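Numbering (this note's numbering), first residue to last: 13 to 151.
Below: one structure, written as structure tokens.
Structure follows, in structure tokens:
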């Protein structure tokens with residue numbers, strides 16, 4: 013990532029505090045007037061270096077215990093899926109299995125969305141755990 017100019021960072025922060033929905037393009041144009049080297053950055057690089065970092069710092073801290081990394085908790089089975097015979101094996105109602113598989117995939121998506129690049133690598137490396145959970149949920 014490019015070195016961030018503190019003056020540009022302050023300007024972006026002030027603009028985002030005034031209008032959180034300001035466009036990346038408008039911020040980039042203002043930033044060019046503060047630092048001409050901004051022109052060398054692509055819109056994506058600019059967004060990653062300035063607005064994204066400011067938005068992360070302005071985001072309130074999460075409440076509650078931090079998410080543990082490592083083995084994911086097993087998918088919970090809803091009452092509805094238990095009634096329909098989820099996990100009954102062949103011949104059971106597929107709706108319960110579908111719900112369980114969906115929960116595993118949503119859990120995977122949540123872990124990917126919450127993590128940084130290092131966490132993403134960790135998730136992909138442990139993808140077999142999710143495959144096992146999907147296969148178990150599918151019956």
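We put the CB at the ideal spot given by N, CA and C, even for glycine.
Model, not experiment: these values are computed from the prediction.
Reference residue i; option with closest CA among the options
i	options	result
residue 152	39, 118, 108, 71	Because the chain here runs from 13 to 151, residue 152 falls outside it and cannot be looked at.
residue 124	57, 136, 113, 114	136
residue 145	26, 29, 111	111
residue 126	68, 32, 55	68
Separation of residue j from residue i, as counted between CA atoms
i	j	result
residue 62	residue 24	7 Å
residue 16	residue 147	46 Å
residue 65	residue 139	29 Å
residue 53	residue 30	24 Å
residue 142	residue 48	47 Å
Residue i vs residue j beta-carbon contact at 7 Å
i	j	result
residue 109	residue 149	yes
residue 27	residue 34	yes
residue 50	residue 42	no
Other residues of its chain near residue i: CB distance less than 6 Å, five sequence neighbours each side excluded
i	result
residue 46	19, 20, 23
Neighbourhood of residue i by C-beta, 8 Å cutoff - its chain only, sequence neighbours within 5 removed
i	result
residue 55	36, 37, 40
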